[in-house]
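Before any comments, here is the structure.
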Amino acid sequence: QQQVKQSPQSLIVQKGGIPIINCAYENTAFDYFPWYQQFPGKGPALLIAIRPDVSEKKEGRFTISFNKSAKQFSLHIMDSQPGDSATYFCAAIQTTSGTYKYIFGTGTRLKVLA
Amino acid sequence: NAGVMQNPRHLVRRRGQEARLRCSPMKGHSHVYWYRQLPEEGLKFMVYLQKENIIDESGMPKERFSAEFPKEGPSILRIQQVVRGDSAAYFCASAQQGPQETQYFGPGTRLLVL
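As they're listed, the protein sequences go chains U and E. Numbering (the numbering used here) for the first sequence: 1 to 114. Numbering (the numbering used here) for the second sequence: 115 to 228.
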């Protein structure tokens with residue numbers, strides 16, 4: 001119940017394509033869903049995050065779609081660029097007082113071809 | 115404003131030795147989180163600390179691992195009597211106020227146990 005399932009494991013798109021990465025969770029107590037971008041040899045960096053009371057959030061070329069009833073959320077990268085090639089992690093967080101759960105997906109390796 | 119700093123960046127230990135990993139949070143941040151990342155895997159939460167307090171250590175093995183965040187100085191993750199399975203990247207992240215706040219990750223310490 002504490003897992004966050006992320007797919008696909010790897011993804012290759014052409015420059016300008018729209019890669020989509022999906023995550024699914026089971027614990028309905030999760031209340032915050034961030035996405036992180038990680039380049040080789042670096043720590044993850046927060047990209048964008050969403051709360052379950054919102055169905056979509058856009059920041060620049062990055063969009064999160066959130067489906068509360070299906071317990072799924074996804075990251076879309078518009079007009080993808082070779083510089084977007086990285087590993088992307090979704091996460092689900094339960095922040096209710098007295099508890100703390102911060103679960104990461106297993107990551108998606110994205111390669112954007114020039 | 116300097117980011118999260120971790121040292122050493124790389125650490126090599128022989129089985130049975132102790133590993134001591136340090137994390138200096140961003141200025142003004144009093145919440146620190148430690149994560150472990152195995153190759154090709156996502157991040158696994160280990161422990162969440164505030165100054166002088168362990169808030170949640172549910173992700174940390176009960177034996178050989180300990181963490182502290184003293185009033186003065188960096189947070190320390192200590193692994194006693196290391197084994198080969200401890201080889202991983204260890205990341206710390208800091209936040210200003212707590213789980214609902216953005217976590218900023220350090221560059222990680224890559225531990226190799228021979």
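Using N, Cα and C, we set each Cβ at its ideal position, and we do this for glycine too.
- The C-alpha of serine 208/E lies about 23 Å from the C-alpha of proline 153/E.
- According to DSSP, histidine 143/E shares a beta bridge with no other residue.
- Think of a sphere of 7 Å around the beta carbon of glycine 105/U: the chain E residues whose beta carbon falls inside it are Gly156, in chain order.
- Rounded to the nearest angstrom, the gap between the Cα atoms of glutamine 9/U and methionine 140/E is 32 Å.
- In this structure, DSSP gives proline 175/E a state outside helix and strand, which the three-state scheme calls coil.
- By the beta-carbon neighbour count (other beta carbons within 10 angstroms, threshold 16), methionine 160/E is buried.
- Within the stretch 160-212 of chain E, the complete beta strand (DSSP E) runs of at least 3 residues fall at 167-170, 179-182, 189-193, 202-209.
- Listed by position along chain E, the residues whose Cβ is nearer than 9 Å to that of alanine 45/U are Tyr218, Phe219.
- Cβ neighbours of valine 126/E within its own chain (closer than 7 Å, five residues either side excluded): Leu226, Leu228.
- When C-alpha distances from lysine 15/U are compared across Tyr32/U, Ala92/U, Asp79/U, the shortest belongs to Asp79/U.
- Per the DSSP secondary-structure output, glutamate 215/E pairs with nothing in a beta bridge.
- The three-state reading of DSSP puts proline 34/U in strand, counting E and B together.
- Using beta-carbon distances, lysine 111/U does not count as an interface residue toward chain E, since no partner is under 8 Å.
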